[in-house]
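Novice: One structure is given below, represented as structure tokens, and several questions about it will come after.
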Amino acid sequence: NAGVTQTPKFQVLKTGQSMTLQCAQDMNHEYMSWYRQDPGMGLRLIHYSVGAGITDQGEVPNGYNVSRSTTEDFPLRLLSAAPSQTSVYFCASKKPRGVNEKLFFGSGTQLSVL
Amino acid sequence: GESVGLHLPTLSVQEGDNSIINCAYSNSASDYFIWYKQESGKGPQFIIDIRSNMDKRQGQRVTVLLNKTVKHLSLQIAATQPGDSAVYFCAENSNTGKLIFGQGTTLQVKP
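Protein chains in written order, with the working numbering: chain F, 91 to 204; chain G, 34 to 144.
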């Protein structure tokens, strides 16, 4: 198993550009989520999904869109990048609550918006 | 509101000593807690977890203690090694089903 795979590892955008951060997992996890990590602020939940076709907002959803068309993939879209979105982004997945609640993380995408 | 916090942003210990990293949580309804380790440039890695019906759980060189009375969680690392240098996060799984993370404690191991 590859676990949780994120691409790209690094990305530089100009303000106003759009892009999609990719996330895929091969563990048949129903739950997937996106976090952003900023210095001194820990990990903050952006969006999450409890299964294909279902998504919901986390703590800091503004400026981001997600979709979940398959169990394996959970892309994060920035429609119009802003400097405030400069951060490290982590995708994570787990089995549903009550079965196995540990989150498995990808290796992250470092995004800089100029 | 929900919050999870760690008492100290940085902890410096001598190699071979025991380390204790603390965490306070505010949601008394939380029933599951996890400790993660994050090395520079990598994603968080699971260390150990504990459910609210337990007070203590031991792993290899690590022990997690849960005090529900004061809503406090701690991670103890025995015989700390240079490879233990990292940022450590506690997280709680509240009754909303989402994991909420603390801000992290940086553990520095001096040779």
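The beta-carbon is built from N, C-alpha and C at its ideal position, and this holds for glycine as well.
Note that the coordinates shown come from a computational prediction; the quantities given were computed from them, not determined experimentally.
Can you tell me whether G:S45 is helix, strand or coil according to DSSP?
Specialist: strand
Novice: Using the C-alpha atoms, what's the distance from G:V142 back to F:S183?
Specialist: 31 Å
Novice: Could you name the residues of chain F that G:I67 contacts, counting a contact when the two beta carbons are closer than 9 Å?
Specialist: At a beta-carbon threshold of 9 Å, the residues of chain F lying near G:I67 are E191, K192, L193, ordered along the chain.
Novice: Check whether chain F comes within 9 Å of G:I83, counting only Cβ atoms and requiring the distance to be less than that.
Specialist: no
Novice: Quick one: does F:M33 have its CB under 9 Å from some CB of chain G?
Specialist: Missing from the structure shown is residue 33 of chain F; chain F here goes from 91 to 204 and no further.
Novice: So the candidates are F:Y121, F:S108, F:D128, F:A171; which of them puts its Cα closest to the Cα of F:Y138?
Specialist: F:Y121
Novice: Can you find a CB in chain G that lies within less than 9 Å of the CB of F:S177?
Specialist: no
Novice: Just the chain F side, please: which residues come within less than 7 Å of G:L132 by C-beta, in chain order?
Specialist: L193
Novice: Nearest chain G C-beta to F:F164 closer than 9 Å, yes or no?
Specialist: no
Novice: For F:P208, which residues of its own chain have a beta-carbon under 7 Å away from its beta-carbon, when the five flanking residues on both sides are left out?
Specialist: For residue 208 of chain F there is no data in the structure shown, the boundaries of chain F being 91 and 204.
Novice: Chain F partners of G:Q114, CB-CB under 9 Å?
Specialist: Chain F residues near G:Q114: none, gap ~22 Å exceeds 9 Å.
Novice: Pairs of beta-carbons, one from the segment 102-119 of chain G and one from the segment 105-122 of chain F, closer than 8 Å: are there three or more?
Specialist: no
Novice: From G:L106, G:S127, G:G76, pick the residue whose C-alpha is nearest to that of G:A62; which is it?
Specialist: G:S127
Novice: Note down, in chain order, each residue of its chain lying with its Cβ closer than 6 Å to the Cβ of F:Q112, except the 5 sequence neighbours on either side.
Specialist: Excluding residues within five positions, the ones whose Cβ falls inside 6 Å are T97, P165.
Novice: Are any of the Cβ atoms in chain G nearer than 9 Å to that of F:G130?
Specialist: yes
Novice: Which same chain residues end up closer than 6 Å to G:E152 when comparing Cβ atoms and leaving out the 5 residues on each side of it in sequence?
Specialist: The requested residue 152 of chain G does not occur in the structure, where chain G is confined to residues 34 to 144.
Novice: Can you give the beta carbon distance from F:L201 to F:Q175, rounded, assuming they're within the 8 Å contact cut?
Specialist: At roughly 7 Å, the Cβ-Cβ gap stays under 8 Å, so F:L201 and F:Q175 are in contact.
Novice: Would G:Q109 count as contacting chain F if we go by Cβ distances under 9 Å?
Specialist: no
Novice: Taking three-plus beta-carbon pairs below 8 Å as touching, is the segment 51-69 of chain G in contact with the segment 78-88 of chain G?
Specialist: yes
Novice: I believe G:K104 touches G:S59 by the beta-carbon criterion, under 8 Å. Please report the beta-carbon distance rounded to the nearest angstrom.
Specialist: Indeed they touch by this definition, with Cβ atoms about 7 Å apart.
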